[in-house]
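Written below as structure tokens is the structure these notes are about.
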Amino acid sequence: MASTTTSTADPDPVIASYDVYLTDSEISRYVLQYLDRPTGSSYDDRHGQKPTSFRLKPTTGLVEVDIPINTRVNYDASKGLRYGDALKKSRSTREGGAYGMAGGFSSGGSTSMGGKVKMEAVEAAEGNRAAADAASLLRVQTLGGRIKGPEDGDPVYMLAAFRGANLHLSPVSAVVQLHPQLHHLDALDEVPVKGKGKARKEGEEERPAEAEARAIDVKIKAAEDGEAAMVAGNLELLKKMQDEKWKDYEWVDAETEESWQLYENYMMHQDVEGLPQLESAINSEDYLDQMSAPRIDPARPDMTGWAMKQNRKKQREGEQAAEGHTEGGMIG
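Numbering (full-length UniProt numbering), first residue to last: 1 to 332.
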């Protein structure tokens with residue numbers, strides 16, 4: 001139902017009014033913020049950068065999104081080959097391991113590495129060398145972030161969807177800020193440097209070198225018990241991040257028919273006639289008290305808040321009683 005006002009004296013006229021509906025709060029809805037992405041350049045199929053992978057660790061709240069890189073514009077192919085080759089060799093031996101927070105900031109990756117990094121031999125003919133290099137080219141950029149659990153006092157965000165005169169509000173589970181992840185640099189650090197020191201003899205078989213990064217035990221002495229507990233909690237959280245497995249999800253482009261169907265199903269109520277009506281738990285006066293500073297009665301500065309309300313209530317009851325007595329006297 002829409003309403004308009006013809007009065008020009010009203011400085012804040014009512015333009016329109018809508019019936020508001022709250023959708024199911026049990027559905028997880030996440031808002032992803034790309035902090036280094038200009039407005040109007042979405043990661044979607046229309047801009048040639050539809051995400052190729054979406055990963056989530058539900059318990060620890062880690063999120064990663066793989067975005068295609070345009071290798072034809074402002075791209076250093078030599079470094080792309082170097083980083084891509086490092087990722088290929090490292091990930092092929094990690095058995096599902098991860099980098100950064102997802103890997104617990106562990107330099108050794110999964111424990112199955114046994115202290116050594118196995119190097120895959122590239123057996124390709126000279127004619128297929130270009131194809132092998134192209135396969136190792138770094139073609140995706142990983143963005144990552146963490147879902148922050150709600151705390152008391154945090155704002156509640158809603159997603160709004162209009163359908164005619166109805167406004168449907170859907171609660172947001174979390175707002176996740178995504179930052180570029182430097183996994184390619186971590187992978188490059190894991191690749192051992194060969195050929196150091198003495199040169200290999202001609203015809204001598206090249207053997208895998210030991211990984212330079214070794215896991216070490218770090219003992220942290222905190223100044224206070226509170227700091228010690230915080231450090232222990234952080235280490236435990238990193239361990240959980242490393243142990244939890246990724247869950248992969250399919251990314252549906254925003255302009256596809258499937259995406260619009262999901263939008264209709266999870267952002268709007270299909271049968272608004274049978275929904276229950278919300279009832280306010282407080283009256284208007286209590287609402288103003290909650291939203292405003294304590295009210296002070298000029299006649300009684302010592303009376304504020306609840307005492308002031310009780311005083312005004314007695315005054316109103318006295319005024320109503322006096323009016324009733326006057327009317328009775330006039331009738332008599």
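Glycine included, every Cβ here is placed at the ideal spot set by N, Cα and C.
Taking a contact to mean a Cβ-Cβ separation below 8 Å, would you say residue i touches residue j in this structure?
{"i": "Ser173", "j": "Tyr263", "result": "no"}
{"i": "Gln290", "j": "Gly103", "result": "no"}
{"i": "Ala161", "j": "Tyr18", "result": "no"}
{"i": "Tyr249", "j": "Leu143", "result": "no"}
{"i": "Leu81", "j": "Ser136", "result": "yes"}
{"i": "Leu178", "j": "Val65", "result": "yes"}
{"i": "Arg146", "j": "Gly61", "result": "yes"}
{"i": "Asp186", "j": "Gly274", "result": "no"}
{"i": "Asp253", "j": "Asp45", "result": "yes"}
{"i": "Gly48", "j": "Asn70", "result": "yes"}
{"i": "Leu167", "j": "Gly84", "result": "no"}
{"i": "Tyr266", "j": "Ile15", "result": "no"}
I think residue i touches residue j, with their Cβ atoms under 8 Å apart; what is that distance to the nearest whole Å?
{"i": "Pro180", "j": "Asp76", "result": "With 8 Å as the limit, Pro180 and Asp76 do not qualify as a contact, their Cβ atoms being about 16 Å apart."}
{"i": "Leu169", "j": "Ala86", "result": "Contact doesn't hold; Cβ gap of about 47 Å is too wide."}
{"i": "Val140", "j": "Thr39", "result": "The Cβ separation is near 23 Å, so there is no contact."}
{"i": "Trp246", "j": "Lys57", "result": "6 Å"}
{"i": "residue 351", "j": "His184", "result": "Examination of residue 351 is not possible in this model, given that the chain is present from 1 through 332 alone."}
{"i": "Met158", "j": "Pro171", "result": "6 Å"}
{"i": "Val191", "j": "Val63", "result": "Incorrect: roughly 27 Å between the Cβ atoms, too far for contact."}
{"i": "Glu244", "j": "Thr59", "result": "5 Å"}
Is residue i helix, strand or coil by DSSP?
{"i": "Leu278", "result": "coil"}
{"i": "His47", "result": "coil"}
{"i": "Tyr18", "result": "coil"}
{"i": "Glu26", "result": "coil"}
{"i": "Val231", "result": "helix"}
{"i": "Glu151", "result": "coil"}
{"i": "Met113", "result": "Residue confidence for Met113 is low, a pLDDT of 35 falling below 50, so the modelled location carries little weight; the figure read from the coordinates is stated next. Looking at Met113 - three-state DSSP - the assignment turns out to be helix."}
{"i": "Tyr83", "result": "helix"}
{"i": "Ala322", "result": "helix"}
{"i": "Arg72", "result": "coil"}
{"i": "Glu273", "result": "coil"}
{"i": "residue 411", "result": "As shown, the chain starts at 1 and ends at 332. That puts residue 411 outside it, with no answer to give."}
{"i": "Asp12", "result": "coil"}
{"i": "Lys88", "result": "helix"}
{"i": "Gly40", "result": "coil"}
{"i": "Ala299", "result": "coil"}
{"i": "Ala77", "result": "helix"}
In the DSSP assignment, what residue or residues form a beta bridge with residue i?
{"i": "Pro180", "result": "Leu143"}
{"i": "Tyr249", "result": "Phe54"}
{"i": "Arg163", "result": "Asn166"}
{"i": "Gln33", "result": "Gln177"}
{"i": "Leu62", "result": "Lys57 and Arg146"}
{"i": "Ile67", "result": "Gln141"}
{"i": "Met158", "result": "Pro171"}
Identify the continuous alpha helix (DSSP H) that holds residue i and give its terminal residues.
{"i": "Met267", "result": "Glu257 to Met267"}
{"i": "Ser284", "result": "Ser284 to Met291"}
Grab the span of the beta strand (DSSP E) containing residue i for me, first residue to last.
{"i": "Ser170", "result": "Asn166 to Pro171"}
{"i": "Leu137", "result": "That residue, Leu137, is in no beta strand (DSSP E); it is neither H nor E in DSSP."}
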